[in-house]
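Chemist:
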Amino acid sequence: TPDLFLIPYNERITCQSHEEVLKGRVLHLLLDVREKVQFDICSLPSSLNIPLKALPNELEKVKASLEGQADRPLYIMCRRGNDSQPAVRILQENGITAGEVKDIVGGLERWSNTIDPDFPKY
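Per the UniProt record's numbering, residue 1 is the first one in the sequence shown, and the count goes up by one each step.
#1: Note down the Cα distance separating threonine 97 from tyrosine 75, rounded to an integer number of angstroms.
#2: Out of Lys121, Arg110, Glu93 and Val88, which one is the CA nearest neighbour of tyrosine 9?
#3: Which runs of the beta strand (DSSP E) spanning at least 3 residues fall entirely within the UniProt domain "Rhodanese" (28-120), listed in chain order?
#4: Just list the residues that DSSP pairs arginine 12 with in beta bridges.
#5: With 16 other CB atoms within 10 Å as the buried threshold, where does glycine 95 fall?
#6: Cβ of cysteine 15 less than 8 Å from any chain C Cβ?
#7: Compare the Cα-Cα distances from valine 26 to each of Leu59, Ile115 and Gly99 and report the closest residue.
#8: Kindly list the residues whose CB is nearer than 6 Å to the CB of leucine 52, restricted to its own chain and excluding five residues on each side of it in sequence; keep chain order.
#9: Where methionine 77 and glycine 107 are concerned, what is the direct C-alpha to C-alpha distance, given to the nearest angstrom?
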């Protein structure tokens, strides 16, 4: 599947930038929008799994995870960085803006290629 460009680049961050967030221990929410079966294969620590198809009905779960921390960044990840882009739109359209809401470019596949070569590919 080719990379899609559905949202402006300023609404996206690179895997390297997300790695800096992790290294800096910046409090954030990582939302993984892959299907549960994929999430169960592998995931980044502390990520919240809500599949893209379920996201419109699970917005309260996202809001609850951000409660009391409205300025906390919210990063969205999927397998290749394609499903996470419409997830950004769904969140924005439903008033979930957090400190920032951004897609992680290239998803877990890019994470494995550029940050953690031991992270499973499937």
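The C-beta atom is built at its ideal place from N, Cα and C for all residues, glycine as well.
What you are looking at is a predicted structure, and each value in this text was computed from that prediction instead of being measured.
Modeler: The relevant details are as follows:
#1: For this step, residue 97 is matched to residue 97 along the sequence shown. For this step, residue 75 is matched to residue 75 along the sequence shown. Threonine 97 and tyrosine 75: Cα-Cα distance of roughly 11 Å.
#2: Numbered from its first residue, the sequence shown carries residue 9 at position 9. It is Val88 whose Cα lies nearest to the Cα of tyrosine 9.
#3: 29-32, 47-49, 74-77 and 101-104
#4: For the purposes of this step, residue 12 is taken as the residue at position 12 of the sequence shown. Arginine 12 pairs with Asp103.
#5: The count along the sequence shown starts at 1 and reaches residue 95 at position 95. Exposed, by the Cβ-count rule.
#6: The structure shown has no chain C; it contains just one protein chain.
#7: Counted from its first residue, the sequence shown places residue 26 at position 26. Nearest option by C-alpha distance: Gly99.
#8: Mapped onto the sequence shown, residue 52 falls at position 52. Excluding residues within five positions, the ones whose Cβ falls inside 6 Å are Val33, Asp83 and Ala87.
#9: For the purposes of this step, residue 77 is identified with residue 77 of the sequence shown, where counting begins at 1. For the purposes of this step, residue 107 is identified with residue 107 of the sequence shown, where counting begins at 1. The straight-line gap from Cα to Cα measures roughly 5 Å.
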